[in-house]
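Residue numbers for the sequence shown follow the numbering used here, so the first one is 840 and each next one is one higher. C-beta atoms are modelled at their ideal positions from N, C-alpha and C, and glycine is treated no differently. Just so we're clear, the structure is a prediction, and the values are computed from it rather than from any experiment. Down below is the structure, laid out as structure tokens.
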Amino acid sequence: MKNTQSKRHVYIDAFRSSFKKLAPTIQLKNPVMLVVYLGAILTTILYFLTFAGYTDTEPFFILAITIILWLTILFANFAEAIAEGRGKAQAESLKQAKKDVIAHKVESVEDVATKKFTQIKSSELKKGDLVYVAVNEQIPMDGDVIDGAASVDESAITGESAPVIRESGGDRSAVTGGTTVVSDYLVIKVTAENGESFLDKMISMVEGTERKKTPNEIGLQIILIMLTIIFLVVSATLLPFTKFSSELVGNGSALALTTIIALLVCLAPTTIGALVSSIGIAGMSRLNKENVIAMSGRAIEAAGDVDILLLDKTGTITLGNRRASEFIPVTGISEYDLADAAQLSSLADETAEGRSIVILAKEKFDIRGRELNHMEVEFIEFTAKTRMSGINYQGDEIRKGAADTMKQYVEEKGNLYPEECDTIVQRVANEGGTPLVVVKNNQVFGVIYLKDIVKNGVKEKFEDMRKMGIKTIMITGDNPMTAAAIAAEAGVDDFLAEATPENKMSLIRDYQEKGHLVAMTGDGTNDAPALAQADVAVAMNTGTQAAKEAGNMIDLDSSPTKLISIVKIGKQLLMTRGALTTFSIANDIAKYFAIIPVLFFSIYPALDALNIMKLTSPTTAILSAIIYNAFIIVALIPLALKGVSYKEKPASKILSHNLLVYGLGGVIAPFIAIKLIDIVLTFVLY
């Protein structure tokens, strides 16, 4: 019910905006529709002149043309206004999160302990100020956490109710003004001036107040202006031409000025001219629904042209949590004994890897947890110094850890480390896994094969990307052998192993120099150089301020896989604009052949042979065409807002499909619609 009311509110606001957009300053921004606007003004003047006795045709005809021309303008305004309205509805919810609050300014971190605060309004904060934010308080301004760790509710911005951890240091230190601390406290260094915060930028972009025409839009507009000028010149010559021709042959009469204005509007590319702005705004709105904020419309269009995708392995291609997939014992040890020892060593290990070892032993051998409370047990926690963990249980010492660590541990105890174990470790590493060696009472039992699990459906997604002509490259810090194994399993086209900020940026530059458009995601300060270099740079909202400033899009959900959706939205935007441009031009061609023969029939009776639809008269023909011209805009508004359906296919197949559907459809639709309208008008007028 609430959603229905929200939609109704958007439509009502769009209806009102349609009239507000009749202001000359707004109409000047769209040269194609400006021609319609001036035509409507001129026919309005001609109609009022009929009361003074001047007329070039029937007053009813002039009035009908005038009304339809004004409706055409209003329909175009409505298309743009409804696209803007969706963004404004989202902006309103963001504005509720942005409010002036009292901030606790401190001079240094030490002031927090002594509670030495200065209370000022958040709007008075300056870049570089330090702010203390306690539990249940709103973060007053964008910043980086320099002290403390806390759960932060970011639902006002991301829509996700689950709080996230923000802490000093690392890649999760950035916080956004308008979010709320729900546990502990934070000391934040302000990184934005008032009015320039992330929330301010989001509101401006969502509302469309800072939306600038993209290069593709400007290019298309230039083409449309050229076509309009051509039709304008042709139409301007019709009055003297038809007057001369009628006097020469002694038949018919010159075309009325009202008819020429209506003809110009029919033949000019008004359909795409009316919808081009709403297509761009709607594309940005679709991106907003994915919880991605684009800092420019150009970034969305660039996403549509991207042919290289750089994707982080962890969290994008793989689940990010390694899982135990196999127990590989050395000679003389059964797999059951290895699984039993491995599970015991992992009972106190709360990491995802540790839990997966316990689960695998249970699933394969039905080895269940022990009652350890009543026994003499000592858990050995992992430390950076020992680099191993384990358990002392009923006189047994069980340890697990990295191969080199466990080799040193066994040899220091005076035992032999078997070469067979080295061979197993090397095989696991070559297959892209992580080997953990298990030792019981200083004897090597075998290896736990930890596997970085490739996400379900990822391989199919990359195959879809390949069909679209997009090359996928996995970026990872793993060694080349591990990276190659995971890349092969995931189905990516290439990989960059042992990635550093320098070689990531170098890779992007190399592809750009070859004429490719590159997209990538990142969240850390070390990603900032590469993000700044990429054509489409998606920064994670959980990432550092440096990463967000370097990117031209920000993913509020911080999902690395979102890049694939962004590319699809970009391609859909370009396809929608191309499809409707094709339809519009095909419409103009069809209308030309539909109504021109009828208009000149009185001068050249032989043209009746070309009146294949048998339109009744020039009056019904021109009225039918201009009525169709106005209402086709309304019919296409849903398509402009939703976008054409998109499937992962080669560009050549997509082009062929769109030419068939929108090109051929654009030719056929006017003939059918104009004939039907002509029948209705004939019935009413005659």
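Asked: Cα-Cα, which of Ile1064, Ala1371, Met1245, Glu1258 is closest to Phe1221?; Found: Met1245
Asked: State buried or exposed for Tyr1288, treating a residue as buried only when at least 16 other CB atoms are found within 10 Å of its CB.; Found: buried
Asked: What residues in its chain sit with their C-beta under 6 Å from that of Asn1231, if we drop five residues either side in the sequence?; Found: Glu1217
Asked: Find out if the Cβ-Cβ distance for the pair Ala1113, Phe914 is shorter than 8 Å.; Found: yes
Asked: Please return the same chain residues whose Cβ sits closer than 6 Å to the Cβ of Ser1117, not counting the five positions on each side in sequence.; Found: Ala918, Glu919, Ala922, Ala1479
Asked: Sorted by chain position, which residues of the same chain lie with C-beta nearer than 7 Å to Asp1235's C-beta, five sequence neighbours on each side aside?; Found: Lys1279, Asn1280
Asked: Between which two residues does the beta strand (DSSP E) harbouring Leu1275 extend?; Found: 1273 to 1279
Asked: Mark Pro1054 as exposed unless 16 or more other C-beta atoms lie within 10 angstroms of its C-beta, in which case mark it buried.; Found: exposed
Asked: For Lys1430, which option in Leu1402, Ile1493, Gly1505 has the closest C-alpha, if you only look at C-alpha atoms?; Found: Gly1505
Asked: Taking the Cβ atom as the reference point for each residue, do Ile1104 and Ile1465 lie within a distance shorter than 8 Å?; Found: Here residue 1104 turns out to be Val, not Ile, going by the sequence shown. Result yes, Cβ atoms of Val1104 and Ile1465 sit closer than 8 Å.
Asked: Among the candidates Ala1241, Ala1385, Ile1403, whose CA atom is the shortest distance from the CA of Phe1301?; Found: Ile1403
Asked: Under 8 Å by Cβ, that's how I've got Thr1321 and Gly1271 pegged, so tell me the actual separation to the nearest angstrom.; Found: 5 Å
Asked: Less than 8 Å between the beta carbons of Lys1290 and Ile1156, yes or no?; Found: no
Asked: Let me know the secondary structure DSSP gives Ser1491 once reduced to three states.; Found: helix
Asked: Does the segment 1142 to 1149 come close enough to the segment 1175 to 1189 to have 3 or more Cβ pairs within less than 8 Å?; Found: no
Asked: Confirm, please, whether the CB-CB distance from Met1452 to Lys1514 is below 8 Å.; Found: yes
Asked: Assuming the contact rule is C-beta atoms closer than 8 Å, Ser1135 and Asn1391 should be a hit. Round their C-beta distance to whole Å, please.; Found: 6 Å
Asked: Arg1161 bridges to which residues according to DSSP?; Found: Asp1291
Asked: Buried or exposed: where does Met1065 fall if 16 or more other Cβ atoms within 10 Å of its Cβ makes it buried?; Found: exposed
Asked: By the three-class DSSP mapping on this structure, what secondary structure does Ala1187 have?; Found: coil
Asked: Helix, strand or coil: how does DSSP classify Phe1221 here?; Found: coil
Asked: Whose CA, out of Ala988, Ser1463, Ala1013, lies closest to the CA of Ser1022?; Found: Ala988
Asked: What residues are listed by DSSP as bridge partners for Ala1013?; Found: Asp983
Asked: For the candidate residues Phe1334, Asn1365, Asp1332, Ala1323, whose alpha-carbon lies nearest to that of Glu1341?; Found: Asn1365
Asked: Give the DSSP-derived three-state secondary structure of Asp1317 in the structure shown.; Found: coil
Asked: Taking 8 Å as the cut-off, decide whether the C-beta atoms of Ile1263 and Ile1132 are in contact.; Found: no
Asked: Using the Cα positions of Ile1435 and Glu1299, report the straight-line distance between them to the nearest angstrom.; Found: 52 Å
Asked: Starting from Tyr876, trace the alpha helix (DSSP H) in both directions and tell me its first and last residue.; Found: 870 to 888
Asked: Given a cut-off of 8 Å on the beta-carbon distance, is the pair Ala1385 and Asp1374 in contact?; Found: no
Asked: Tell whether a beta-carbon distance below 8 Å holds between Leu969 and Met980.; Found: no
Asked: How would you label Glu1140, buried or exposed, when you count the other beta carbons within 10 angstroms and need 16 or more for buried?; Found: buried
Asked: Nearest-angstrom Cα distance between Glu949 and Ala1376?; Found: 38 Å
Asked: Mark Asp1205 as exposed unless 16 or more other C-beta atoms lie within 10 angstroms of its C-beta, in which case mark it buried.; Found: exposed
Asked: Rounded to whole angstroms, what's the CA-CA distance from Val1088 to Ser1441? Just pull it up for me.; Found: 10 Å
Asked: In chain order, what residues of the same chain lie with their CB nearer than 6 Å to the CB of Thr896, ignoring the 5 residues before and after it?; Found: Ala1095, Thr1097
Asked: Just to confirm my understanding: we take Leu1503, look at its own chain, exclude 5 residues before and 5 after, and list those with CB closer than 8 Å. What are they?; Found: Ala1425
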